[in-house]
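S.K.:
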Amino acid sequence: MIILTAAALGVSAGQMRSAAAIALVAALIGMTFAVAAITSPAPVSILAFVYAVLGYNGGLMLFVLGLYASARLRRAPRVSH
4 MIILTAAALG VSAGQMRSAA AIALVAALIG MTFAVAAITS PAPVSILAFV YAVLGYNGGL
64 MLFVLGLYAS ARLRRAPRVS H
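Shown next, in the form of structure tokens:
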């Protein structure tokens with residue numbers, strides 16, 4: 004679930020098409036993990052943070068690949084029979 008949520012954040016941040024928004028969301032993921040680690044009475048799993056970072060980057064990559072595919076489909080010649 005962490006990976007899917009982070010991927011959705013990556014796609015959403017990519018749709019803003021702003022480097023500042025992408026960096027802000029990435030920083031907020033890190034800050035949220037830090038606050039959770041500080042305030043949690045139990046040990047915090049670093050693996051969850053790694054999954055969140057990988058999911059976020061994966062969402063950004065999916066968005067960029069979607070833009071690339073969309074641009075290729077627009078440029079493709081249309082053949083009518």
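If you want the working numbering, it's the 1-based position in the sequence shown plus 3. The C-beta atom is built at its ideal place from N, Cα and C for all residues, glycine as well.
1) Can you tell me where the alpha helix (DSSP H) with M64 in it begins and where it stops?
2) Taking C-beta to C-beta, are L63 and I32 nearer than 8 Å?
3) Could you tell me the distance, in whole angstroms, from the CA atom of G61 to the CA atom of V82?
4) Let's test the definition: count the other Cβ atoms within 10 Å of the Cβ of V28 and tell me whether it reaches 16, buried, or not, exposed.
5) For I5 and A39, which I take to be in contact (beta-carbon distance under 8 Å), what is that distance rounded to the nearest angstrom?
6) Would you call A11 buried or exposed, if buried means 16 or more other Cβ atoms sit within 10 Å of its Cβ?
M.R.: From the atom records:
1) I49 to R78
2) no
3) 34 Å
4) buried
5) So it is not a contact: roughly 12 Å between Cβ atoms.
6) exposed
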